[in-house]
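Structure first, commentary second.
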Amino acid sequence: MNYNTGDIIKVTVTSIENYGIFVKVDERYNGLIHISEMSDSFVSNVRNFAFPGEDIYAKVMDIDNEKNQMKLSIKSIDYRLNPKKGRMLESPNGFSKLKESLPKWVDAKMQEIDKAE
């Protein structure tokens, strides 16, 4: 496929680092959405913008045909294909910490309720 600077393309998030989001464009190209290309405001957490496996839209800023890489941006575009408000994302460790802590929280709350009665 032919890509041009300024095109809005569909990409799939492959991984997230503190400095940006890595995406797969197609079988030939990969891309990076650098933290500076996510928002005009301060970005405190890159992971608030996308999650691995998510399909999003991105704007082509630069293309390196020799390395098959693209510099992309999600600034000033509606990049989400299916925006979901309040979605809880699973951490790299899964929900195991929540599973471990939940019984302790329930016990603590039950003791608090027993004391109040």
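Counting from 25, one number per residue, gives the positions in the sequence shown under the working numbering.
Where is the CB? At the ideal position from N, CA and C, for every residue including glycine.
Assuming Ile-33 and Ala-74 are in contact, meaning their beta carbons sit under 8 Å apart, how far apart are those beta carbons, in whole angstroms? Incorrect: roughly 15 Å between the Cβ atoms, too far for contact.
Taking the C-alpha atoms as reference points, what is the distance between Met-94 and Asp-138? 60 Å
Counting C-beta neighbours from all protein chains within 10 Å, is the total for Gly-110 16 or more, i.e. buried, or is it exposed? Since pLDDT at Gly-110 reaches only 49, below the 50 mark, its modelled position is unreliable, and no value is offered.
Looking at C-alpha atoms only, which residue of Arg-52, Gly-44, Glu-78 and Pro-76 is the closest neighbour of Met-62? Gly-44
Give me the residue from Thr-36, Ile-40 and Glu-136 with the minimum Cα distance to Ile-59. Ile-40
Does Val-130 come out as helix, strand or coil in the three-state DSSP assignment? helix
Identity of the residue in Ser-65, Asp-50, Asp-64 and Phe-46 nearest Leu-56 by Cα: Phe-46
Do Tyr-103 and Ile-87 come within 7 Å of each other at the CB atom, strictly closer than that value? no
Nearest to Ser-65 by alpha carbon, out of Val-37, Trp-129 and Ile-98? Ile-98
C-alpha distance - Tyr-53 paired with Glu-78, whole-angstrom precision: 17 Å
Measuring alpha carbon to alpha carbon, tell me which residue in Leu-105, Arg-71 and Asn-92 is nearest Asp-50. Among Leu-105, Arg-71 and Asn-92, the Cα nearest to that of Asp-50 belongs to Asn-92.
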